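Novice: Have a look at this one before I ask anything.
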Amino acid sequence: MRAWVYSKAGKSLASALTLSKTARRPPSPLPADKLLVRVTHMSPNPADHKVPEIGQLASLALTRSFTASPGMDYAGVVEEVGAKINNTTTSRNAVSYKPGDKVFGKVESTPFGTLGEYIQPFPNGCVPLPPSVSPASASTLGTAAQTAYQTLIPYITPGAGDEVFVNGGSGGVGTFAIQIAAKVLGCVVTTSCSSRNTSLCSSLGAATVLDYATTDIASALRARGQVFKLVVDCVGGSPADLYTAANDYLLPSGTFVQIGGDFSPSALCATASRAMWPGFLGGGKRAYKFLVMETRRDDLVQLAQWMAEGKIEAVIDGDVYPFEEAPKVFEKLQTKRTRGNLVVKVSD
Ligand SMILES: NC(=O)c1ccc[n+]([C@@H]2O[C@H](COP(=O)([O-])OP(=O)(O)OC[C@H]3O[C@@H](n4cnc5c(N)ncnc54)[C@H](OP(=O)(O)O)[C@@H]3O)[C@@H](O)[C@H]2O)c1
410 MRAWVYSKAG KSLASALTLS KTARRPPSPL PADKLLVRVT HMSPNPADHK
460 VPEIGQLASL ALTRSFTASP GMDYAGVVEE VGAKINNTTT SRNAVSYKPG
510 DKVFGKVEST PFGTLGEYIQ PFPNGCVPLP PSVSPASAST LGTAAQTAYQ
560 TLIPYITPGA GDEVFVNGGS GGVGTFAIQI AAKVLGCVVT TSCSSRNTSL
610 CSSLGAATVL DYATTDIASA LRARGQVFKL VVDCVGGSPA DLYTAANDYL
660 LPSGTFVQIG GDFSPSALCA TASRAMWPGF LGGGKRAYKF LVMETRRDDL
710 VQLAQWMAEG KIEAVIDGDV YPFEEAPKVF EKLQTKRTRG NLVVKVSD
């Protein structure tokens, strides 16, 4: 099959990718608890390049292979259904597939990532594509939208008008977090981004947009007083720490949820300090959680339904990239300046 593969990412996965037209296909016969899906679209996420760029050991631990294709999120077409798949009750939503079904979702760490033509997802990461949703849009739901969903749903009372601050509203997760909070849950959303993305964030439903290049975000939030129920931090630790400042802008019952951050020593220290530095020694006093997204079939079904109903939409950065240009999407992702999500067309 055709696949972009790497064996050693070095400092840049984009430059380590090579296009193979004879790449190894996922195992045959198909395991009974998996599906075989032909990928039509994939959407990359920062973790796709950050983890291999830590070093070959991290990549090996993740994929258990010396050669792998990156990518977790996809839309595609079912080619084959594992013997134990249909009529299982792994979720509230019945599982039933046949070859030819259009699907989308997320694969877990594997050598056969979504930047290759064939993948073998488990049914919890494979959901029917609603007829009115385009595969390109659905390919962005697996990680970006699902992460946004899981940062909001446990903490927000729908329709109560809770105030939410989304730090980094213009990226893959942020664009979904703004929409789910404002348009689905009825929250009043404040967000941060640079000036080129202000109108995008407003159009997605943010009531207040702060330009992080010209505004001291912590001071601007402090000036609002203790009004926020939730912070969704898509950026991570910074010198003027938003978490410590949250003592002054989060409600005493509010929660600070962080998802963003790098694997650099300074970023890891900033995250560890948020989690462990006690409030009585000058640390943050509000509830803090570092969320690691889990793939859940019911969450994906709900997100697809909201997309089909027009409550949320995928913000796709530029055009859908042709398969041959896939390294360009990783170059772009590395800049941390993606607007919404990037999408690659993998096959017809
Ligand atoms: N924990 C988990 O399970 C999980 C899941 C998904 C993602 N993540 C992590 O969450 C983070 C966000 O993911 P993503 O997919 O949304 O990333 P992304 O799409 O690459 O984010 C890019 C966006 O971040 C904005 N940005 C950059 N620096 C900023 C700053 N200082 N303040 C505000 N906005 C800033 C940029 O806006 P401008 O261009 O306007 O600067 C750009 O639109 C990443 O670190 C990713 O690894 C974690």
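The working numbering numbers the first residue of the sequence shown as 410 and each following residue consecutively.
Idealized CB from N, CA, C, for every residue including glycine.
Source: prediction; values computed, not measured.
Around the Cβ of residue 605, are there at least 16 other Cβ atoms within 10 angstroms (buried) or fewer (exposed)?
Specialist: Exposed, because fewer than 16 other Cβ atoms sit within 10 Å of the Cβ of residue 605.
Novice: Leaving out the 5 sequence neighbours to the left and right, which residues in its chain are closer than 7 Å to residue 669 when beta-carbon positions are compared?
Specialist: Taken in chain order, the residues that qualify are 577, 642, 643, 644, 645.
Novice: Could you tell me whether the Cβ atoms of residue 683 and residue 658 are closer together than 8 Å?
Specialist: It is not a contact, given that the beta carbons lie outside the stated cut-off.
Novice: What number of angstroms, rounded off, separates the C-alpha of residue 470 from the C-alpha of residue 424?
Specialist: Distance between the alpha carbons of residue 470 and residue 424 is about 21 Å.
Novice: Select from 554, 703, 493, 586 the residue whose C-alpha is nearest the C-alpha of residue 518.
Specialist: Of 554, 703, 493, 586, the residue nearest in Cα terms is 703.
Novice: Below 8 Å, can you find three or more Cβ-Cβ pairs linking the segment 507–521 to the segment 477–494?
Specialist: Because the criterion of three Cβ pairs below 8 Å is met, the segment 507–521 and the segment 477–494 touch.
Novice: Could you name the residues, in chain order, whose CB is less than 5 Å away from a heavy atom belonging to ligand 1?
Specialist: Going along the chain, the residues that qualify are 455, 556, 577, 579, 580, 581, 582, 601, 602, 603, 606, 621, 643, 644, 668, 669, 701, 702, 745, 746, 747.
Novice: Determine the closest residue to residue 561 out of 700, 661, 730, 690, with distance taken between C-alpha atoms.
Specialist: Out of 700, 661, 730, 690, 700 has the C-alpha closest to the C-alpha of residue 561.
Novice: Among 748, 735, 742, which one has its Cα closest to the Cα of residue 723?
Specialist: Checking every option, the nearest Cα to that of residue 723 belongs to 748.
Novice: Can you give the Cα-Cα distance for residue 637 and residue 685, rounded to whole angstroms?
Specialist: Between residue 637 and residue 685, the C-alpha separation is close to 22 Å.
Novice: So residue 428 and residue 555 are in contact, right, with Cβ under 8 Å, and what is the actual spacing, rounded?
Specialist: In fact, because the Cβ distance is near 29 Å, the residues do not count as touching under 8 Å.
Novice: Determine the direct distance from the alpha carbon of residue 751 to that of residue 437, and round the result to whole angstroms.
Specialist: For residue 437 and residue 751, the distance between alpha carbons rounds to 31 Å.
Novice: Tell me where the beta strand (DSSP E) around residue 413 begins and ends.
Specialist: Element bounds for residue 413: 412–414.
Novice: Using the three-state DSSP reduction, which class does residue 535 fall into: helix, strand or coil?
Specialist: Strand.
Novice: What is the DSSP secondary structure of residue 475, counted as helix, strand or coil?
Specialist: Residue 475 falls in the coil class under three-state DSSP.
Novice: Could you check what DSSP says for residue 735 in three-state terms: helix, strand or coil?
Specialist: Three-state result, residue 735: helix.
Novice: I need the straight-line Cα distance from residue 552 to residue 513, nearest angstrom please.
Specialist: So the two alpha carbons sit approximately 11 Å from each other.
Novice: Out of 573, 433, 441, 550, which one is the CA nearest neighbour of residue 525?
Specialist: The candidate whose alpha carbon is nearest that of residue 525 is 433.
Novice: Mind checking whether the beta-carbon of residue 442 lies closer than 7 Å to any heavy atom of ligand 3?
Specialist: Ligand 3 is not part of this structure, which contains only ligand 1.
Novice: For residue 664, list the residues DSSP reports as bridge partners.
Specialist: For residue 664, which the question treats as bridged, DSSP gives the partners 639, 696.
Novice: Going by CA-CA distance only, name the one from 439, 474, 450 that's closest to residue 494.
Specialist: Residue 439 is the option with its Cα nearest to residue 494.
Novice: Is residue 449 helix, strand or coil when you go by DSSP?
Specialist: In the structure shown, residue 449 sits in a strand (DSSP, three-state: E or B).
Novice: Just checking my contact of residue 585 with residue 721 at CB under 8 Å: how many whole Å lie between their CB atoms?
Specialist: Residue 585 to residue 721, Cβ: 6 Å. Contact.
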